[in-house]
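Chemist:
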Amino acid sequence: MTKNKNLSQKMIEQITITSMVMTIFFTVIYDVYHISLALTLAITFGTTCYHLGMRLMVGWMISRLLPEKINDGNLWFREKRFETALYRKLKVKQWKKRMPTYHPDDFSLAFHSVDEIIQTTCISEVSHEINIIFSFVPLTFSLLFDSFMVFLITSVLAAFFDLCFVMMQRYNRPRLRKILKMQQNQKKKLKKFGFP
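Every letter in the sequence shown is one number past the one before it in this note's numbering, and letter 66, counting from 1, is 66.
1) Measure the CB-CB distance between I12 and L52 and report whether it falls below 7 Å.
2) Roughly how many whole angstroms lie between the Cα atoms of S135 and L157?
3) When burial is assigned at 16 or more other CB atoms within 10 Å of the CB, is T16 buried or exposed?
4) What does the alpha-carbon distance come out to for the pair L41 and C49?
5) For F82, name the three-state secondary structure that DSSP assigns.
6) Using a threshold of 7 Å, state whether the C-beta atoms of T154 and T18 are closer than that.
7) Would you check if there are 3 or more beta carbon pairs closer than 8 Å linking the region 102-121 to the region 170-184?
8) What are the uninterrupted segments assigned as alpha helix (DSSP H) that are 4 or more residues long and contained completely in the region 124-182, given in chain order?
9) Tell me the residue span of the alpha helix (DSSP H) that contains L205.
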């Protein structure tokens, strides 16, 4: 199946490319004219480019290089005792519907089996967990530009955004497993009565 780019994909890719171009542009302006606003804009666009570009690269690498190594039977992907109460308290069920999805077809029962979608939730979770770690790399730039709080705030916000996606995958997976179990039980019943 050929994947057509959805609006979220196009927008993220365009903002990343635009941020990269603007970073280069304002860096050159600052280098030539030493205008402090140009440096501020170069840092802003550079940080934006990093956060979006890094997420695109991590997602691409995980989905291409590791899918068969990520096993939903792994203890890491099992629901922990505290999670049900936590997700209820955080009202994940209400806000998860409003979150953007980079590849919506990957989570669609029209295109994939429940088993495949469970695997996709694991791959997505790992990608977002790696993104959380890499969200704090820009803090190293604060050593060069002496703006620690700015880099800390953007890093924390970016990490929080990815944490929301991790919670969504962890919230959805047990429900998908229940659907899978119901389907398997239905197949057993059909076989019992002689249906293929």
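A virtual CB, placed ideally from N, CA and C, is assigned to each residue, including glycine.
Modeler: In short:
1) Residue 12 sits at position 12 when you count from the first residue of the sequence shown. Residue 52 sits at position 52 when you count from the first residue of the sequence shown. Their beta carbons are under 7 Å apart, which means I12 touches L52 by this criterion.
2) Counting from 1 along the sequence shown, the entry for residue 135 is found at position 135. Counting from 1 along the sequence shown, the entry for residue 157 is found at position 157. Looking at the two C-alpha atoms, the distance is approximately 9 Å.
3) Taking the sequence shown and counting its residues from 1, the one referred to as residue 16 is at position 16. So T16 ends up on the buried side.
4) Looking up residue 41 in the sequence shown gives position 41. Looking up residue 49 in the sequence shown gives position 49. If I take the Cα positions, the gap works out to 12 Å.
5) Along the sequence shown, one-based indexing puts residue 82 at 82. Coil.
6) On the sequence shown, residue 154 is found 154 positions in, with the first residue counted as 1. On the sequence shown, residue 18 is found 18 positions in, with the first residue counted as 1. No, they are not a contact pair.
7) Counting Cβ pairs under 8 Å, three or more are found: they touch.
8) Complete alpha helix (DSSP H) runs here, min 4: 142-145.
9) Given that the chain is displayed from residue 1 to residue 196, the structure contains no residue 205 and the question cannot be resolved.
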